[in-house]
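First the structure, in the form of structure tokens, and then the observations on it.
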Amino acid sequence: MLIKLLILAVILVLAFGGGAKVAKLSGPKSLNFADRLLGGADDVQMLADGQPYGRGPRQQLDIWAPVGVSGPLPVVIFFYGGGWSSGERAEYGFVARALARQGFLTVVPDVRLAPKAHWPDFIEDGAAAFAWVRRHIESYGGDAGRIALMGHSAGAYNAAMLALDPQWLRRAGSDAAYVRGVAGLAGPYDFLPMEKGGSADIAMGRIRPASNTQPIGFVRPDAPPFWLASGLDDDVVRPRNSRALADALTNIGAPAIFAGFANMGHRAIVMALAQPFRGDGRVLHDAAEFLHAVTAPQPDNENGRTG
Numbered sequence: 257m258l259i260k261l262l263i264l265a266v267i268l269v270l271a272f273g274g275g276a277k278v279a280k281l282s283g284p285k286s287l288n289f290a291d292r293l294l295g296g297a298d299d300v301q302m303l304a305d306g307q308p309y310g311r312g313p314r315q316q317l318d319i320w321a322p323v324g325v326s327g328p329l330p331v332v333i334f335f336y337g338g339g340w341s342s343g344e345r346a347e348y349g350f351v352a353r354a355l356a357r358q359g360f361l362t363v364v365p366d367v368r369l370a371p372k373a374h375w376p377d378f379i380e381d382g383a384a385a386f387a388w389v390r391r392h393i394e395s396y397g398g399d400a401g402r403i404a405l406m407g408h409s410a411g412a413y414n415a416a417m418l419a420l421d422p423q424w425l426r427r428a429g430s431d432a433a434y435v436r437g438v439a440g441l442a443g444p445y446d447f448l449p450m451e452k453g454g455s456a457d458i459a460m461g462r463i464r465p466a467s468n469t470q471p472i473g474f475v476r477p478d479a480p481p482f483w484l485a486s487g488l489d490d491d492v493v494r495p496r497n498s499r500a501l502a503d504a505l506t507n508i509g510a511p512a513i514f515a516g517f518a519n520m521g522h523r524a525i526v527m528a529l530a531q532p533f534r535g536d537g538r539v540l541h542d543a544a545e546f547l548h549a550v551t552a553p554q555p556d557n558e559n560g561r562t563g
């Protein structure tokens, strides 16, 4: 127990006291290690490690599942953040384990990143990953008719674009109608004008018109349900992004919920999914409740979804 507490102390320093550079380089990896150490892994299992969904070196995904739970299981595809310029799927096992323990077959894909890649490369990769999941997830015990999207920060942006702008999944040979819902954590959805030289500007600043890059510009009445969460202390991606998208969706007749979490910042809202920082479990509980609701079994419908 003493060793575990010492490791937890190191994680706290890296996450909150190590400076921006250390937090960026060591945060998710160290957090994932601490989560595995403190939370264990006997009740979850990795079914696929680096499964290709395309031909590129970053077009790979991991699949996690709960142990001893019979399927077919609802599926959550989680896109991590990192300003469209950083991140590795292996560092986000803590999210996959948290969701798997809630009964979801969890998929974590890598996508291409800036500065080598630019908009819409990462969206196209997300669409390709979704299309692969639709075709193959049943062989892993998942239900291809019960897929939801989830993401943090830039990953929440990617998830929102896939769900709101039908062209991306259509180009990948799939359909946005197959998205049962979107759970977004601290996502940028309405951020014009872009900060010169900032992460968004580097990833998509050359696109004209710039409005084509904004999820809020693609709201539609038949959008899937959205749960849009933000830490109220977030000064990186301000909560107004989630509020604005939730309001735009509800104003047009689409289901959306804004969830504001007090005393949480930009990193804390995803760190809350990891064992060392789970605390009162507000984020995981509310996200899982939403995801279970939107992926609940239902009869066949006109879009071809099945329960």
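Heads up, the sequence shown is in this note's numbering, so the first residue is 257 and it goes up one at a time.
Backbone N, C-alpha and C fix where the C-beta goes; we use that ideal spot for every residue, glycine too.
In this text, all values refer to a predicted model and were calculated from it rather than measured experimentally.
Residue environment, S467, which counts as buried when at least 16 other CB atoms sit within 10 Å: exposed
By DSSP, does H374 sit in helix, in strand, or in coil? coil
If we count the other Cβ atoms within 10 Å of its Cβ and call it buried at 16 or more, is L448 buried or exposed? exposed
Check the DSSP bridge columns for D318 and list the partner residues they point to. Looking at the DSSP output, D318 sits in a beta bridge with V364.
Do Y396 and L361 count as a contact pair if the criterion is CB distance below 8 Å? yes
Quick check: the Cα distance between Q554 and G437, rounded to an integer number of angstroms? 14 Å
Looking only at its chain, what residues have a beta carbon closer than 8 Å to the beta carbon of V323, apart from the 5 residues adjacent to it on each side? D298, D299, V300, Q301
Evaluate contact between the region 365-378 and the region 454-470, counting only Cβ atoms and requiring at least three cross-stretch pairs below 8 Å. yes
According to the neighbour-count rule (16 or more other Cβ atoms, all chains shown, within 10 Å of its Cβ), is Q316 buried or exposed? buried
V331 versus F350: straight-line alpha-carbon distance, rounded: Taking the Cα positions, V331 is about 16 Å away from F350.
Which same chain residues end up closer than 8 Å to L488 when comparing Cβ atoms and leaving out the 5 residues on each side of it in sequence? Excluding sequence neighbours, L488 sits near P495, G516, F517, A518, N519, M520.
R353, enclosing beta strand (DSSP E) - first and last residue: Counting along the chain, R353 falls outside any beta strand (DSSP E), though it belongs to the alpha helix (DSSP H) covering 349-357.
Cβ of L529 within 8 Å of Cβ of V539? yes
Mind checking which residues open and close the beta strand (DSSP E) that includes R436? 435-441
Would a C-beta distance cut-off of 8 Å place A419 and L405 closer than the cut-off? yes
Rounded to a whole number of angstroms, what is the C-alpha to C-alpha distance between K452 and L294? So the alpha carbons of these two residues sit roughly 41 Å apart.
Let me know the secondary structure DSSP gives M417 once reduced to three states. helix
Give me, in chain order, the residues of the same chain whose beta-carbon lies closer than 6 Å to that of A549; leave out the 5 immediate sequence neighbours on both sides. none
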